[in-house]
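Peer 1: If you count the sequence shown from 1, position 86 lands on 86 in the UniProt record's numbering, and the numbers rise without skipping.
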Amino acid sequence: MKLRGEPNPVLDALLEGELFEALAPIEPAPVRVGAMRAKLMADVVALKQGGDFVTVHRGEGSWRTIAPNVMEKRLVDLAGHYACILKLEPGASLPAHGHPTPEESLVLEGEVWLGDVFCKAGDFHYAPAGLRHGAIRTETGCLLYVRTGGRKGAALL
């Protein structure tokens with residue numbers, strides 16, 4: 001399903017994930033480092049100034065397509081904390097990936113394979129930092145809550 005205004009993916013999700021994992025890191029320019037540091041500190045200050053609670057009601061937020069038949073609804077994206085809901089249509093999958101930070105998943109609806117681990121609604125899965133698991137895939141479709149220690153980029157989301 002494609003949301004209005006969302007571009008069609010240019011690359012297959014599996015190929016895209018492999019390309020991102022193969023890229024060598026590049027040191028940003030000092031000006032960019034300063035801008036990133038300023039943004040990070042602004043997020044920290046915003047949290048300290050009453051940003052303690054984040055509520056996203058069922059009808060709020062927006063879904064974006066991140067792979068064929070896979071949509072993401074971002075819930076929290078702050079320094080050191082990222083949470084989203086993934087909606088995978090029947091037959092959908094995401095590529096194998098590593099975990100630079102710990103990742104927690106809770107199956108809200110349906111059934112899903114998280115690598116070689118089969119999970120159903122109500123099941124919880126924890127992936128420690130530094131470990132990889134195989135593709136996320138579902139035959140029936142699923143709704144999956146995911147929380148990490150920070151935004152991981154295109155390797156998964």
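Glycine included, C-beta positions come from ideal geometry on N, C-alpha and C.
(1) Name the DSSP bridge partner or partners of residue 71?
(2) Please check the pair residue 107 and residue 123, which I expect to be a contact at CB under 8 Å, by giving their CB distance rounded to whole angstroms.
(3) Indicate the three-state DSSP secondary structure (helix, strand or coil) for residue 32 in the structure shown.
(4) For residue 75, which of 115, 63, 117 and 102 has the nearest alpha-carbon?
(5) Does the contact criterion of 3 or more C-beta pairs under 8 Å hold for the segment 22-42 versus the segment 101-117?
(6) Which value, in whole angstroms, describes the spacing of the CA atoms of residue 143 and residue 80?
(7) Cutting at 7 Å between CB atoms, please list the residues of its own chain near residue 114, excluding the five before and the five after it.
(8) Using only alpha-carbon positions, find the residue among 120, 103, 23 and 92 that is nearest to residue 66.
(9) Have a look at the DSSP bridge pairing and note the partners of residue 127.
Peer 2: On the basis of the coordinates in this document:
(1) 65 and 87
(2) 5 Å
(3) helix
(4) 63
(5) no
(6) 24 Å
(7) 105, 125, 133 and 136
(8) 92
(9) 103
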